[in-house]
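**Student:**
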Amino acid sequence: MVRGHPEVNLLNEPKETLASTLSWAEDEVFKYIIDIIENNGIRLYWQVKDISPNITHQFTIYRGIDRDGDLADWTELTTIADTWTYLDNTISLSAPFPDIVYRIKLSLHNREHTSDLVYLYGGLNPHQRNLAKAILRKLKLCQRHLPVLKGYLLKRKHTGTLCTCRDPVTKEVLNSDCQECFGTGFISGYYLQATPATLIATGPVSTIPIHDPKGQLGTVTATATQAKIAGLPPIFPYDVWVQSETNRRYYITVVKISAEISGLPLQYDVVLKMANYNDVIYQYPIEIGQ
Ligand SMILES: [Zn+2]
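Residues 21 to 310, numbered by my numbering, are exactly what the sequence shown covers, in order.
1. In chain order, what are the residues with a CB under 5 Å from some non-hydrogen atom of ligand 1?
2. Just to confirm my understanding: we take A101, look at its own chain, exclude 5 residues before and 5 after, and list those with CB closer than 6 Å. What are they?
3. Which of helix, strand or coil does DSSP assign to L128?
4. Is the beta carbon of R268 less than 8 Å from the beta carbon of I301?
5. Could you tell me which of I272, Q67, I53 sits nearest to L173, measuring between CA atoms?
6. Could you tell me the alpha carbon to alpha carbon distance between I207 and G180, rounded to whole angstroms?
7. Any idea which residues DSSP pairs V189 with across the strands?
8. Under 8 Å, with one C-beta from each stretch per pair, do the stretch 106–126 and the stretch 152–159 reach the 3-pair mark?
9. Taking all protein chains shown into account, do 16 or more other C-beta atoms lie within 10 angstroms of the C-beta of I71, making it buried, or fewer, making it exposed?
10. Should the stretch 49–63 be called in touch with the stretch 138–152, which here means at least 3 C-beta pairs below 8 Å?
11. Go through its chain and collect everything with a Cβ distance to A221's Cβ below 7 Å, but skip five positions before and after it.
12. The beta strand (DSSP E) that contains F50, what's its start and end?
13. Does the distance from the C-beta atom of Q213 to that of T98 stay below 8 Å?
14. Round the Cβ separation of T386 and R176 to the nearest angstrom and send it over; I've been treating them as touching at under 8 Å.
15. Between which residues of its own chain and L237 is the CB-CB distance below 6 Å, once the five residues before and five after are set aside?
16. My understanding is that Q199 touches A250, with C-beta atoms under 8 Å, so please give their C-beta distance in whole angstroms.
17. Pick from T80, T105, R87, H133: whose alpha carbon is nearest that of E58?
18. I'd like the span of the beta strand (DSSP E) that includes E46, first residue to last.
19. When DSSP labels each residue in this structure, what does R123 get in the three-state scheme?
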């Protein structure tokens, strides 16, 4: 049954198949930081390791120029809290491959941590970057022969303020229906801003009617489906995908990289399980991020 936190024991996180690949700007605090060019600016994504739980993370974003290894002109862009993404739309992208670097400062309990330098597309060379952009763009366009499903990605929290529904000793989530953490064990459960994410269904989008003898649920449907999805933003098991047309919500249970360039994932094959209609995830409010 997929409910709250699907088959997940927080003390025993699923082996993340991407861990070895996502090494951009990885250090003792950040699991990864990646930035890509979007239509209206440069988009950063990051994930903090669960090293300093129970605080609200504050991120200060800096942008610099790297001219032949000479770093100069650092600009402080913003300080934001409790998020995993930022769009830098204050820069005009006149050159196709701007020499732009970022770094992120994170305030922890009693110290500050500044990340390594973050290069566009993980430092791919211009040829590789063109290729990466073309593949990512193609995935967002309609594929003639396969169903394309529009929706949103909810990014699951793996760190942050601990929820009171956890067992104080074992830290296990005791209530998978908890409306404070949505079964994740961290307050609010997912990052607030949902990111547009289009799926290309490759497996049957079948609905399997289940008879409920106690009549509590009526006739429900359980579905699992396979799909392709763009490799950026990075996706991890137990992130949630919401189909915009139907508001159906799916837990992403399997993530496999099916296309990459120099370790930059461009396409995933994923397996999604539809959440039961009474799953707490349906109560999560969708706010569309910028
Ligand atoms: Zn909780």
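Yeah, the Cβ is synthetic: ideal placement off N, Cα and C, and Gly gets one too.
All values reported here derive from a predicted model rather than from experimental measurement.
**Tutor:** Reading off the structure:
1. Answer in sequence order: C183, C185, C198, E200, C201.
2. The residues T76, Q78, in chain order, have a CB closer than 6 Å to that of A101 in the same chain once the five nearest residues on each side in sequence are set aside.
3. L128 falls in the coil class under three-state DSSP.
4. No, Cβ-Cβ distance for R268 and I301 is not below 8 Å.
5. Comparing Cα-Cα distances from L173 to each of I272, Q67, I53, the minimum goes to I272.
6. Inter-residue distance for I207 and G180 is about 7 Å (C-alpha atoms, whole angstroms).
7. According to DSSP, which records beta bridges pairwise, V189 is partnered with nothing at all.
8. Contact between the stretch 106–126 and the stretch 152–159 is absent, because fewer than three Cβ pairs lie under 8 Å.
9. Under the 10 Å beta carbon count, I71 is surrounded by fewer than 16 other beta carbons and is classified as exposed.
10. Three or more beta-carbon pairs separated by less than 8 Å link the stretch 49–63 to the stretch 138–152, which places the two stretches in contact.
11. If we look at A221 and ignore the five residues flanking it on each side, its Cβ neighbours are L166, P167, L169, T245, A247.
12. Judged by DSSP secondary structure, F50 falls within the beta strand (DSSP E) whose first and last residues are 50–58.
13. In this structure, T98 does not lie closer than 8 Å to Q213 by Cβ.
14. The shown model of the chain, from 21 to 310, leaves out residue 386, and the question about it has no answer.
15. Confidence at L237 is low in this model, with a pLDDT of 42, below 50, so its placement is unreliable and no value can be given for it.
16. Actually they do not touch by this definition, with Cβ atoms about 31 Å apart.
17. Selected option, being the one with the closest Cα: T105.
18. Careful: E46 lies outside any beta strand (DSSP E) and carries neither H nor E.
19. The DSSP-derived three-state label of R123 is strand.
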